[in-house]
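Chemist:
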Amino acid sequence: MNIRHLTLPLVAAFALSLAACSQEASNDATATASADKAPIAITEAFDTLAAQGKGFTAGALMSAHTVYVLFDPQCPHCGHLWQSSIPLQGKVKFVWLPVAIMNAKSAPQGAAIMTAANPVETMNAHEKQLLAGEGGMSASASVPPDVLQTIKTNTDLLERLGATSVPFMVSKHQRSGAVITQSGALGTEALAGFLGMGQ
Numbered sequence: 177m178n179i180r181h182l183t184l185p186l187v188a189a190f191a192l193s194l195a196a197c198s199q200e201a202s203n204d205a206t207a208t209a210s211a212d213k214a215p216i217a218i219t220e221a222f223d224t225l226a227a228q229g230k231g232f233t234a235g236a237l238m239s240a241h242t243v244y245v246l247f248d249p250q251c252p253h254c255g256h257l258w259q260s261s262i263p264l265q266g267k268v269k270f271v272w273l274p275v276a277i278m279n280a281k282s283a284p285q286g287a288a289i290m291t292a293a294n295p296v297e298t299m300n301a302h303e304k305q306l307l308a309g310e311g312g313m314s315a316s317a318s319v320p321p322d323v324l325q326t327i328k329t330n331t332d333l334l335e336r337l338g339a340t341s342v343p344f345m346v347s348k349h350q351r352s353g354a355v356i357t358q359s360g361a362l363g364t365e366a367l368a369g370f371l372g373m374g375q
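According to this note's numbering, the residues represented by the sequence shown are 177 to 375, in order.
(1) From S261, S314, V323, K281, pick the residue whose C-alpha is nearest to that of E365; which is it?
(2) In the DSSP assignment, find the unbroken beta strand (DSSP E) run with P274 in it and report its ends.
(3) How big is the Cα-Cα spacing for G309 and G363?
(4) Is it true that the CB of C254 sits closer than 7 Å to the CB of V397?
(5) In the DSSP assignment, find the unbroken beta strand (DSSP E) run with S347 in it and report its ends.
(6) Quick one: what does DSSP say A205 is sitting in, helix, strand or coil?
(7) For S239, which residues from the same chain have a beta carbon less than 8 Å from its beta carbon, with the 5 sequence-adjacent residues on both sides left out?
(8) Within its chain, find whatever has a CB closer than 6 Å to the CB of Q250; leave out the 5 residues flanking it on each side and keep chain order.
(9) In its own chain, which residues sit with a C-beta less than 6 Å from the C-beta of L192, not counting the 5 before and 5 after it?
(10) Report the rounded CA-to-CA distance for V243 versus L225, giving the unit in angstroms.
Take a look at the structure:
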């Protein structure tokens, strides 16, 4: 076997891992029995997440511009996207939908953030700990069944969208109105560009 031929796929895989966190193949959270596993067309992605996804809102609650972010609390790239979104929260409503694809901490942390008295403050504290290499917030492994079902539904939606990594964003372009998606984290300027926000 030629080692040179293995180098490019490994480099490509490493490059992809820099922007997003991928799903583990043997994750029980995504093995839930769901009545609807049909793929979601990109044109239907925004309306489907608005109707079926559940999470918490950060930013301009009354904004007509909504961005849905499927994220795993254990994903550092999701943490970077959270930080990048903060300067835009005065103009945009971000709805953060927790999924569980990384490890056993994902669902409990997602549940703790989503059910917190102040999810935005809790997310801020969690992401600071995660990005500092501390694994994020402590959370009870005992997750209420309805909250766990919400996270499983969000995880199913991620799969049905054809996404293989998080963070995964779905929005409408501010100028064209077209449904747009993005896999992986972006810096603040690139995020504003992706959303079609004027300078």
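Every residue gets a Cβ at the ideal spot worked out from N, C-alpha and C, and that includes glycine.
Modeler: Taking the definition as stated:
(1) S261
(2) 269-274
(3) 20 Å
(4) Given that the chain is displayed from residue 177 to residue 375, the structure contains no residue 397 and the question cannot be resolved.
(5) 344-348
(6) Reliability of the predicted coordinates at A205 is poor, the pLDDT of 40 falling under 50, and no value is obtained from them.
(7) K267, V268, K269
(8) M278, N279, K281, S282
(9) Because the pLDDT of L192 is 37, which lies under 50, any placement of that residue in the model is unreliable, and the number read from its coordinates should be weighed accordingly. There are no such residues.
(10) 10 Å
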